[in-house]
Amino acid sequence: MTEAEFNANWDAFENACKACNRCGLRNNATNTVIYRGGKHAPLMIVGEAPGRSEDLEGLPFVGQSGQLLQSLLSTYGFGEEDYHICNICKCRPPENRRPEPSEIMACKRLLSVQFKLVRPKVVLLCGSTAYEGFFGEKPRMSDVRGKFLERNGYYIMTTYHPAYALRDSKQKLPIYEDLGKVRSKLEDLGLVPKLPPVNL
Ligand code: URA
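Heads up: the sequence shown begins at 2 in this note's numbering, then just goes up one per residue.
Next comes the structure, spelled out in structure tokens:
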């Protein structure tokens, strides 16, 4: 696909997102929240659904959990073109409730178009809803967290949702470790430069 074709497809995708009201969540949302970061990023980070700040700004992960995620990304030297951040659902559920399975299903068609356009090599699923949206089944987080699954040439890691670490600061460490594994995988695949060693 040429860059011009890609851009035309991307515009069509964004228009389809903005026009979508398959599940009804758009009725109470301010914005359709599609992504932030690079459109050709090697890493896709998938959360649950926009919260209040995201709905108001039209960008994913810009509230408190986004600030934590962003500080972890900076710690590992990720630049904006390295990641593509999005959510399982593109519209905010009322009162930040978890999206219903029917809402996840309704949004999946758009997520799969997004995935095919971005073509990430590594995917980081944040929390059980992201896992459920991606794989279609509820995970036991203790079983799936921190391990890469390889599917059709993609490397998929599940970690805790950053909001969980805001409620329980002990959970920051596992998320930090998981993001370190993600960085190493991308380095091994030659998709981001190797970070210089830290001299203590
Ligand atoms: N939580 C999410 O899952 N996604 C966001 O964009 C913000 C908070």
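Each residue gets a CB set at the ideal place from its N, CA and C atoms; glycine is no exception.
Residue i and residue j closer than 7 angstroms at C-beta
i      : j      : result
Arg93  : Pro61  : no
Thr130 : Arg110 : no
Leu57  : Pro163 : no
Leu125 : Ile46  : yes
Ala42  : Tyr84  : yes
Gly147 : Asp189 : no
Gly25  : Glu82  : no
Asn97  : Gly48  : no
Glu104 : Cys127 : no
Gln65  : Leu167 : yes
Tyr155 : Ile176 : no
Asn22  : Gly59  : no
Met158 : Val183 : yes
Residue i beta carbon near the ligand URA (any heavy atom closer than 6 angstroms)
i      : result
Asn32  : no
Ser129 : no
Asn200 : no
Ser72  : no
Glu49  : yes
Phe14  : no
Phe62  : yes
Gly52  : yes
For residue i, the three-state DSSP class (helix, strand or coil)
i      : result
Val193 : coil
Arg152 : strand
Thr76  : helix
Ile89  : coil
Tyr165 : helix
Beta-carbon separation (whole angstroms), residue i vs residue j, contact threshold 8 angstroms
i      : j      : result
Lys139 : Leu192 : Lys139 to Leu192, Cβ: 30 angstroms. No contact.
Leu118 : Asn10  : 6 angstroms
Unbroken stretches of the alpha helix (DSSP H), 4 residues or longer, contained in the segment 24 to 68: If we require 4 residues or more, the alpha helix (DSSP H) runs fully inside the segment 24 to 68 come out as 53 to 58.
Output the residue ranges of the beta strand (DSSP E) runs that lie fully inside the segment 100 to 149 and measure 3 residues or longer, sorted by chain position. Qualifying beta strand (DSSP E) stretches, in chain order: 123 to 127.
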